[in-house]
Amino acid sequence: MPDPISWGFAWPYLLAALIGGYILGSLPFGLLLTRAAGLGDVREIGSGNIGATNVLRTGRKGLAAATLLLDGGKGAAAVLIAANWGPDMALVAAFGAVVGHLFPVWLAFKGGKGVATTLGVLIALSPLLGALCCALWLLVAFVFRISSLAALVCIAAAPFLSWVLLGDLQMVELTGALALLVWWRHHANIARLLKGEEPRIGRKAG
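Counting in my numbering, the final residue of the sequence shown is number 210, and the numbers go up one at a time with none missing.
Spelled out as structure tokens, the structure:
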């Protein structure tokens with residue numbers, strides 16, 4: 005296994021991890037699956053998003069579950085592949101994967117909202133942290149029946165949980181950066197939440 009500590013110049017490897025993570029993260033599984041199923045362009049229904057929540061609005065629960073797993077899986081895959089070259093590579097690849105999902109070059113940089121992919125990278129980086137964030141999502145979603153609220157809460161909690169559980173400043177920085185990106189992509193959801201207009205799980209977007 006290569007040892008990043010011995011490298012005189014690590015930036016080419018960091019750049020490769022970033023680009024590799026971005027490419028994996030940019031794969032639009034929600035769009036690909038719905039098109040393959042003959043349902044057309046998922047961006048033309050509901051919220052116009054390519055993520056699992058909007059895929060669910062097609063009425064195809066199996067496709068939504070597959071989208072969720074694949075969006076999380078691509079983030080985890082980016083981390084696990086890059087981890088062969090050291091923990092720094094894994095962190096950079098994690099960031100790249102989420103950015104790739106949010107801003108895929110193939111879709112004119114208009115991607116998803118990054119929740120599943122973020123949870124995927126967290127599970128790969130720290131199974132305990134990832135599991136707790138997933139559990140928090142499930143708890144908030146069960147109580148309030150609002151997917152976006154569950155996402156915002158669990159992603160916002162990630163930096164604090166990183167510090168408490170891991171005491172790792174780099175993980176705190178990464179999860180903080182990802183939280184900012186995910187919250188920014190949820191700006192329309194936040195506006196609807198404040199107005200009490202955000203659709204609940206199982207109901208079509210207005």
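Just so it is clear, CB atoms sit at the ideal spot from N, CA and C, and this is done for glycine as well.
Worksheet item: Roughly how many angstroms separate the alpha carbons of Gly-134 and Gly-124, rounded to a whole number?
Response: Cα to Cα, Gly-134 sits roughly 7 Å from Gly-124.
Practice prompt. Could you tell me whether the region 87-96 touches the region 60-69, where touching means 3 or more Cβ pairs closer than 8 Å?
Written response: The region 87-96 vs the region 60-69: no contact.
Practice prompt. Out of Thr-121, Ala-162, Leu-129, Ala-128, point me to the one whose CA is closest to Leu-140's CA.
Written response: With distances taken between Cα atoms, Leu-140 lies closest to Ala-162.
Worksheet item: Going straight from the alpha carbon of Arg-189 to that of Val-144, what length do you get?
Response: Taking the straight line joining both Cα atoms gives about 19 Å.
Worksheet entry | For Arg-27, the nearest candidate out of Phe-148, Gly-115, Glu-202 (CA to CA) | Here residue 27 is Ile; the residue named in the question, Arg, does not match the sequence. Nearest to Ile-27 by alpha-carbon distance, out of Phe-148, Gly-115, Glu-202, is Gly-115.
Discussion item. Between which residues of its own chain and Leu-74 is the CB-CB distance below 7 Å, once the five residues before and five after are set aside?
Written reply: Counting only Cβ-Cβ distances below 7 Å, and skipping sequence neighbours, we find Phe-33.
Worksheet item: Within the present structure, is the beta-carbon of Leu-19 separated from the nearest heavy atom of the ligand GDP by less than 8 Å?
Response: For the structure depicted, the ligand GDP is absent and the ligand set is empty, with no information on it obtainable.
Discussion item. Does the region 98-108 come into contact with the region 42-53, if we say contact requires no fewer than three beta-carbon pairs (one atom in each stretch) closer than 8 Å?
Written reply: No: the two stretches stay apart, fewer than three of their Cβ pairs being nearer than 8 Å.
Worksheet item: What is the DSSP secondary structure of Leu-31, reduced to helix, strand or coil?
Response: If DSSP states are grouped into helix, strand and coil, Leu-31 belongs with coil.
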